[in-house]
Amino acid sequence: MNNVPAENKSNYIPELFGSMVFNDKVMKERLPKETYKALKKTMELGKSLDRTIANVVANAMKDWAVEKGATHFTHWFQPMTGYTAEKHDSFITPETPTSVIMEFSGKELVKGEPDASSFPSGGLRATFEARGYTAWDPSAYAFIKDNTLCIPTVFCSYGGEALDKKTPLLRSMEVINKQALRILRLFGNTEATRVITTVGPEQEYFLIDKDYYAQREDLMLCGRTLFGERPPKGQELEDHYFGTIKPRIKAFMKDLDIELWKLGVFAKTEHNEVAPAQHELAPIFTNTNVATDQNQLTMEIIKKVAQKHDLVCLLHEKPFEGINGSGKHNNWSLSTNTGVNLLEPGDSPAENAQFLLFLSAVIKAVDEYQDLLRVSVASAGNDHRLGANEAPPAIVSMFLGDELSDVLKSIENDCEYNGKDKVEMKVGVHILPRFPKDTTDRNRTSPFAFTGNKFEFRMLGSGDSIAGPNIVLNTIVAEELAGFADKLEGAEDFNAVLHDIIKEVLKDHKRIIFNGNNYSQEWVEEAQRRGLLNLRTTADALPTFISQKNIDLFTKHKIFTKGEMISRYEILSELYQKKITIEALTMDEMARKEIIPAVLEYVDFLSKTAANKRSLSPDIPVSTEISTVKELSACVENMTSLVNQLEEDLQLAKKESDIQKLSQFFANTVLQHMEALRESADKAEHFMPKKYWPFPSYSELLYKI
Ligand code: ADP
Ligand code: MG
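In terms of the UniProt record's numbering, the sequence shown is residues 1 to 705.
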């Protein structure tokens with residue numbers, strides 16, 4: 001029995017789970033009682049940590065980490081690049097001139113000072129003050145990754161401006177906590193002391209073979225294919241979704257689970273997705289801050305584990321043209337610290353009234369801040385996915401399902417509810433009819449769907465941090481809850497005011513509710529009639545972030561200062577422009593150095609073949625050679641002129657200093673020329689023998705695993 005590997009024991013998972021996390025259990029075990037209590041208080045109240053306590057915690061953390069093989073520590077943070085950043089320091093401290101001890105102080109735990117000059121700040125951190133600082137976020141647990149103790153931190157400038165994604169996220173969680181508690185108190189709830197937002201992000205990704213990846217510059221530099229003729233078989237047979245998982249992928253998934261479990265990530269379901277080579281991982285939901293950290297970790301770990309299996313994970317939103325891209329579904333709800341889901345219809349009239357009020361807040365928020373939700377998912381990659389009949393369109397709307405919509409209609413119009421029991425729905429008096437859970441999620445085309453006890457925001461791109469969308473969601477819903485609380489707190493007849501609030505929301509904002517097919521052209525037209533926004537591209541969406549309305553919202557709730565918002569707008573615009581520039585340059589290089597020479601070589605071969613045949617006898621037909629040479633030569637001419645055009649575009653772009661105009665230029669000119677170049681190259685690929693084509697085809701990438 002001694003030789004049984006740990007993972008063959010049936011109960012190894014509970015032991016493994018979270019074994020690399022300095023979590024509550026470990027803290028309780030390893031910290032003196034007083035320290036533990038003080039730390040817990042800090043975590044709950046978000047207070048700063050006393051230096052003496054920090055020293056004790058740091059020491060315990062270090063001992064624990066060293067026992068687990070850690071040699072280094074790092075402040076782990078989430079700068080505006082969208083990735084995570086870390087700077088490793090070792091624990092060693094000289095004890096004598098020839099010996100060291102392992103040390104980690106409270107000061108090192110609580111605050112770090114990375115030289116942050118190369119992180120984007122959008123002008124917030126002047127170059128003469130290149131330092132930023134990182135500060136421990138005790139509401140997220142430290143963990144060990146690659147023999148390094150990672151301490152989740154926020155990242156700020158010395159002036160206190162947020163330079164990361166975590167700081168505003170934490171702020172937004174505070175704001176919605178405060179406003180939701182006001183509402184709960186009005187409904188007589190005195191027990192709950194905290195309302196947290198919960199998130200379960202479903203993550204999609206592609207896996208391809210490492211060797212094929214290494215042969216394609218577009219995949220290596222841009223994460224997506226910039227060229228490639230569609231394969232004869234795509235996803236039309238729908239045989240991949242939930243299909244049998246190939247052994248190689250199975251082995252990968254098993255490893256992935258283990259690595260994620262060690263880090264306390266609740267990886268729960270894994271299955272194949274719609275497209276070939278596409279997969280999904282869904283964790284069990286948790287609070288938004290932890291879910292955000294864990295999603296960042298998950299993306300990183302998927303990539304790492306893939307490498308171990310000689311695979312490469314593509315997190316790009318649209319790695320393959322003509323094949324479904326990858327998104328992320330942000331399942332979002334609100335919960336009290338006593339465990340009540342506030343988006344779950346209840347059993348009594350009062351509970352239902354409360355549910356309807358929270359629901360109304362979300363309806364009003366989504367309608368009034370469509371632009372912010374759209375901006376929160378805007379990226380060069382996601383533009384290829386939204387509206388491409390595989391993901392929701394760029395139009396934000398919400399799905400509530402027929403049953404709930406009927407109830408709302410009855411409230412709005414003081415008329416009978418059409419369900420079995422013919423009643424006129426009165427908020428605070430009537431009980432909601434029971435909606436069978438499975439009927440609440442029939443609409444997979446909706447960008448923002450109510451799924452029985454939570455909302456599923458489906459517009460996110462696969463590679464993005466979920467921080468942005470959740471900052472927006474938390475803030476806009478908090479804003480509406482605040483407005484409701486203002487009205488209700490002074491109300492003489494609570495139920496009457498409540499009823500009116502809900503009725504008014506429905507009257508004013510029902511245009512945002514759409515239960516039909518979001519992929520259809522009719523919806524695009526209908527949405528326009530309803531006056532909903534259709535911000536097709538990132539270039540269209542980004543400027544709305546800094547509209548007066550949105551600056552008012554974020555500054556009112558102290559999520560962002562105006563300066564922080566403008567800097568974020570600049571960073572995101574620049575990121576968008578840089579991504580497309582890199583893609584254009586990569587296309588240029590691949591076309592000039594690989595595709596055009598390959599085509600010319602084959603054309604040469606064909607011409608020689610034809611000439612040889614002719615010299616043998618003028619009777620031998622050479623029409624295949626001639627027609628192919630004609631087709632390919634036309635492609636080459638086209639490609640050459642488009643490559644020249646792209647180079648000119650990029651020169652022009654350098655001269656444009658207006659951020660907005662520049663983004664539009666990329667969206668409307670550069671991308672169009674890139675598309676045209678691709679079309680010619682893909683056409684050439686169609687006529688080329690495999691052995692002449694310089695890189696692996698779509699079929700190889702998608703099917704040879
Ligand atoms: P589907 O694929 O049908 O959308 P899944 O069951 O795969 O649904 O994913 C649902 C996700 O929603 C899971 O990550 C789950 O943990 C999450 N979820 C469930 N309840 C809540 C909640 N109250 N708050 C946030 N997320 C939730
Ligand atoms: Mg989903």
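Every residue gets a Cβ at the ideal spot worked out from N, C-alpha and C, and that includes glycine.
Three-state class that DSSP yields for residue i in the structure shown
i: R385; result: coil
i: F128; result: For F128, the pLDDT reaches just 47, beneath the cut-off of 50, and the residue's location in the model is therefore unreliable, although a value from the coordinates is still provided. Note: F128 maps to helix in three-state DSSP.
i: H430; result: coil
i: C222; result: helix
i: L16; result: helix
i: W136; result: strand
i: P694; result: coil
i: C635; result: helix
i: R536; result: coil
i: E564; result: helix
i: H557; result: coil
i: M102; result: strand
i: V4; result: Unreliable placement is indicated for V4, whose pLDDT of 44 sits below 50; no coordinate value is reported for it.
i: A467; result: helix
i: Y602; result: helix
i: V21; result: strand
i: I546; result: helix
i: M173; result: helix
i: G483; result: helix
i: N189; result: coil
i: P120; result: coil
i: D164; result: strand
i: P392; result: coil
Contact under 7 Å by Cβ, residue i with residue j
i: E564; j: E161; result: yes
i: V312; j: Y213; result: yes
i: D211; j: T586; result: no
i: A277; j: L226; result: no
i: L334; j: A180; result: yes
i: P201; j: N295; result: yes
i: A478; j: V175; result: yes
i: L498; j: A353; result: yes
i: H686; j: E229; result: yes
i: F119; j: A58; result: no
i: P447; j: N330; result: no
i: S90; j: H75; result: no
i: F554; j: F545; result: no
i: L506; j: E368; result: no
Residue i Cβ short of 6 Å to the ligand GTP heavy atom set
i: V472; result: Only the ligand ADP and the ligand MG can be found as ligands here, which leaves the ligand GTP out of the picture.
Any non-hydrogen atom of the ligand ADP within 6 Å of residue i CB
i: E202; result: yes
i: I92; result: no
i: K426; result: no
i: T198; result: yes
i: N341; result: yes
i: A282; result: yes
i: K454; result: yes
i: N331; result: yes
i: F285; result: yes
Chain-order list of residues whose beta-carbon lies under 8 Å from that of residue i (same chain, five-residue window excluded)
i: M220; result: Y213 and A214
i: K690; result: S697
i: E489; result: R182 and L186
i: M688; result: A598, V599, Y602 and L632
i: D588; result: V643, L646 and E647
i: W693; result: A598 and E685
Other residues of its chain near residue i: CB distance less than 6 Å, five sequence neighbours each side excluded
i: F514; result: S397
i: D383; result: T537 and T538
i: T35; result: I53 and V56
i: D540; result: none
i: K165; result: Q78, S465 and A467
i: T42; result: L49 and P138
Cβ-based neighbour list, residue i, same chain, cut-off 7 Å, excluding 5 preceding and 5 following
i: G461; result: E317, G327, K328, V377, S379, G381, N382 and R385
i: G516; result: W523
i: K246; result: I705
i: G531; result: R511
Proximity test, Cβ basis, 7 Å: residue i and chain C
i: L297; result: In the displayed structure, chain C is absent; only one protein chain is listed.
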